[in-house]
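One structure is given here, and the rest of the page talks about it.
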Amino acid sequence: MEMLLKELSSASKLLTDFKEMYEYENRLKTFTKWPFQENCKCTPENMAKAGFIHCPNVNEPDVAKCFFCLLELEGWEQNDDPW
Numbered sequence: 396m397e398m399l400l401k402e403l404s405s406a407s408k409l410l411t412d413f414k415e416m417y418e419y420e421n422r423l424k425t426f427t428k429w430p431f432q433e434n435c436k437c438t439p440e441n442m443a444k445a446g447f448i449h450c451p452n453v454n455e456p457d458v459a460k461c462f463f464c465l466l467e468l469e470g471w472e473q474n475d476d477p478w
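Take the sequence shown: its position 36, counted from the start at 1, is 431 in this note's numbering, and no numbers get skipped.
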């Protein structure tokens, strides 16, 4: 029972931490430095619509995270479809 409560607490914290990312506009705001802006499938608009947020680091400028499951993907190319 204690383990279940800990898991529920962790899940609740994740939902609380990312609750603002349920809004498309908030996800879109994270893509200000996204390397693919035009003439590609993975534009900031498409990425945000698909539920991704941009969370780059020094070595990986194209890291995108699913705000719901927290899976991080990197190595995006122009013709990659976020759906």
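Here a beta-carbon is modelled for each residue, glycine too, at the ideal position from N, C-alpha and C.
>> Here's a check: name, in chain order, each residue in its chain whose Cβ is nearer than 7 Å to the Cβ of TRP478, leaving out the five neighbours to either side.
In response: Answer for TRP478: ALA445, listed in chain order.
>> Measuring only the C-alpha atoms, how far is PHE462 from ASN452?
In response: A straight-line Cα-Cα distance of about 17 Å links PHE462 and ASN452.
>> Can you tell me whether THR425 is buried or exposed? The criterion is at least 16 other CB atoms within 10 Å of its CB, across all chains shown.
In response: Counting the other Cβ atoms within 10 Å of the Cβ of THR425 gives 16 or more, which makes it buried.
> Apart from the five residues on each side of it in sequence, which residues of its chain come closer than 6 Å, Cβ to Cβ, to GLU469?
Replying inline: Once the five neighbours on either side are set aside, the close Cβ partners of GLU469 are GLU455, ASP457, VAL458.
> Is ASN474 closer than 8 Å to CYS435 when the C-beta atoms are compared?
Replying inline: The answer is yes: Cβ separation under 8 Å.
>> Please classify LYS414 as buried or exposed, where buried requires at least 16 neighbouring CB atoms within 10 angstroms.
In response: LYS414 counts as exposed, since fewer than 16 other C-beta atoms from the protein chains shown sit within 10 angstroms of its C-beta.
> Just how far apart, CA to CA, sit THR438 and GLU397?
Replying inline: Roughly 44 Å between the two C-alpha positions.
> Quick one: what's LEU465 bridged to in DSSP?
Replying inline: Residue pairing by DSSP places LEU465 opposite no residue, since no beta bridge is assigned to it.
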